[in-house]
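Protein chains in written order, with our numbering: chain A, 1 to 262; chain B, 263 to 524. Even glycine gets a Cβ: it sits at the ideal position worked out from N, Cα and C. Note that the structure is predicted; figures quoted are calculated from it, not measured. Some notes on the structure that comes next.
Protein chains: 2
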Amino acid sequence: MDSKTQRSLTPGEARQKIRDGHTDTTSGWSDGWAQANLLAVPRAQAFDLMLFSQRNPKACPLLDVFDPGAKRSSRFQGDITTDVPAYRVYEHGELVEERTDVADLWRDDLVAFLFGCSFSFERALTEAGIEMRHTLSGSTVPMYRTTLPCESAGVFSSSMVVSMRGVPPHRVPDAVRICARYPAVHGAPVHVGDPSLIGVTDLEKPEWGDSPVLQEGDVPVFWACGVTPQAMVIESRPEFAIAHAPGRMAITDINESELITP
Amino acid sequence: MDSKTQRSLTPGEARQKIRDGHTDTTSGWSDGWAQANLLAVPRAQAFDLMLFSQRNPKACPLLDVFDPGAKRSSRFQGDITTDVPAYRVYEHGELVEERTDVADLWRDDLVAFLFGCSFSFERALTEAGIEMRHTLSGSTVPMYRTTLPCESAGVFSSSMVVSMRGVPPHRVPDAVRICARYPAVHGAPVHVGDPSLIGVTDLEKPEWGDSPVLQEGDVPVFWACGVTPQAMVIESRPEFAIAHAPGRMAITDINESELITP
């Protein structure tokens, strides 16, 4: 499947391809449709996760929350247990397994949360002529743990995970302005410039993703990252959780044009 | 206390005045600080209320959710059981009492939700030269039940309650544009024009508030209203709930400038 075909897939067609065995990234799929980070937790922890999301909207921007036990919603008209290319299964905060479907692990008390994903704002930046260096070089955006605290909620706490993109100085204001209009997909950056001020000691060694692709003069710009909920699971150790594997997202029926504000 | 004094009260000073016995409206108090609709429900219903809010962000825009049992938060640094001028107490959806403090009714399992309030966008509209007819005539904005459905969540369902303001035709686009920048205080209107299309059969007879104040040629413009959570309580009959009395709001420590997007 070439990239043009990937881009033109409807969400339903994309989910069918995934059910049929696609297990790789969904980057570049279904142009104009929001992709989402997945985290499912038991009903007993779901209120705390909603509180955590409400208090940390940049790291955990809620696109949708399913009814307890539900595998679909009006905003994701597929099957959340089969229609994500790869899943990570956590028990007491330990990553115990990565697999391509979780139908047999699903429980009636699991609540699926979908959080906005950077793919949406990357598209808006690219359209405005701000190049995504990592995409052009075929690598994954670098992600870092920071010392920026998230506000705790019930059993959940975490520091913030950020992604970093190099932006030419004269485009930094545009990058901030454009992303600010998409609060549902992490919104404006959280930090511009010196990485050490947010606890990132070596830009070359991200915790997730690939080494950064920077051009001469680029300013490092940091966005709150949808990996934060998984860092939160690792730190807070809920009994059970299911997440997507990085880059392998849930493709929703939410049109990105609905997400733009005002 | 004159209106200039009311306007210049800090949130802390305003809450002290209320603790000291003010029981009337907070309209015009603490210029620049967000006022909030209150609804507290037992922990057992709190997840469903968060889901309902997530699914109906125009009617239930979440400003803050306290920890279970907590009477304060970083965004409301007072005592939610004494610092609202008047409260309404509901049992199984019945309004059983209106009173000026609820300290002795508070329970360790109650979760306080604060929702954005139209006072904030009214200030923005007034600053832009769009007159608030009801304020100038000293009346309360009219509020109506509609046939617009809210999306249900768990035990909660409701139709949407709206408030109505008359706006001259040439200012309707400005009213929409300005309010759209404040999604945390109901955001853009939900309907412009013919009231019968949303089930409002007699504009002169609102369910809450006073009769409308319209000038020749005014277009009726309808906003989702923070009374919706109370309509939801009446319809869904949770075991227990505490709300503010209309117009007698919780004055928060959230500066309105934080609420504007992008």
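Cβ-Cβ distance between residue i and residue j below 7 Å
i, j, result
"residue 185 of chain A", "residue 120 of chain A", "yes"
"residue 134 of chain A", "residue 85 of chain A", "no"
"residue 438 of chain B", "residue 450 of chain B", "yes"
"residue 113 of chain A", "residue 39 of chain A", "yes"
"residue 355 of chain B", "residue 510 of chain B", "no"
"residue 349 of chain B", "residue 504 of chain B", "yes"
"residue 56 of chain A", "residue 151 of chain A", "yes"
"residue 291 of chain B", "residue 271 of chain B", "yes"
"residue 277 of chain B", "residue 371 of chain B", "no"
"residue 523 of chain B", "residue 443 of chain B", "yes"
"residue 377 of chain B", "residue 294 of chain B", "no"
"residue 309 of chain B", "residue 47 of chain A", "yes"
"residue 408 of chain B", "residue 460 of chain B", "yes"
"residue 219 of chain A", "residue 172 of chain A", "yes"
"residue 71 of chain A", "residue 64 of chain A", "no"
Contacts that residue i makes with chain A (C-beta to C-beta distance below 9 Å)
i, result
"residue 424 of chain B", "Simply none; closest approach about 19 Å."
Residue i classed as buried or exposed, judged by whether at least 16 other C-beta atoms fall within 10 angstroms
i, result
"residue 35 of chain A", "buried"
"residue 107 of chain A", "exposed"
"residue 160 of chain A", "buried"
"residue 209 of chain A", "buried"
"residue 339 of chain B", "exposed"
"residue 136 of chain A", "exposed"
"residue 230 of chain A", "buried"
"residue 321 of chain B", "buried"
"residue 390 of chain B", "exposed"
"residue 316 of chain B", "buried"
"residue 388 of chain B", "exposed"
"residue 468 of chain B", "buried"
"residue 380 of chain B", "buried"
"residue 97 of chain A", "exposed"
"residue 91 of chain A", "exposed"
"residue 494 of chain B", "buried"
"residue 266 of chain B", "exposed"
"residue 2 of chain A", "exposed"
"residue 286 of chain B", "exposed"
"residue 420 of chain B", "buried"
"residue 253 of chain A", "buried"
Cross-chain neighbours of residue i in chain B, by beta carbon under 8 Å
i, result
"residue 38 of chain A", "None at all; the shortest Cβ gap to chain B is about 16 Å."
Neighbouring residues, chain B, relative to residue i (Cβ below 9 Å)
i, result
"residue 261 of chain A", "442, 443, 445, 449, 523, 524"
"residue 54 of chain A", "312, 315, 316, 324, 326, 327"
Proximal residues of chain B, C-beta to C-beta of residue i below 7 Å
i, result
"residue 47 of chain A", "308, 309, 312"
Residue of the options minimising C-alpha distance to residue i
i, options, result
"residue 102 of chain A", "A:252, A:257, A:244, A:179", "A:244"
"residue 43 of chain A", "A:25, A:69, A:63, A:32", "A:69"
"residue 410 of chain B", "B:458, B:281, B:514", "B:458"
"residue 259 of chain A", "A:231, A:62, A:17", "A:62"
"residue 484 of chain B", "B:366, B:404, B:295, B:314", "B:404"
"residue 513 of chain B", "B:263, B:266, B:289", "B:289"
"residue 164 of chain A", "A:98, A:72, A:156, A:211", "A:211"
"residue 337 of chain B", "B:445, B:460, B:274", "B:274"
"residue 192 of chain A", "A:224, A:213, A:215, A:206", "A:224"
"residue 45 of chain A", "A:111, A:24, A:216", "A:111"
"residue 168 of chain A", "A:131, A:158, A:104", "A:131"
"residue 166 of chain A", "A:183, A:216, A:153", "A:216"
"residue 190 of chain A", "A:71, A:49, A:144", "A:144"
"residue 269 of chain B", "B:341, B:436, B:385", "B:385"
"residue 81 of chain A", "A:228, A:194, A:153, A:18", "A:18"
"residue 183 of chain A", "A:66, A:154, A:257", "A:257"
"residue 311 of chain B", "B:436, B:417, B:329", "B:417"
- Item | the stretch 102-113 of chain A: positions lying closer than 9 Å to chain B by Cβ | 111
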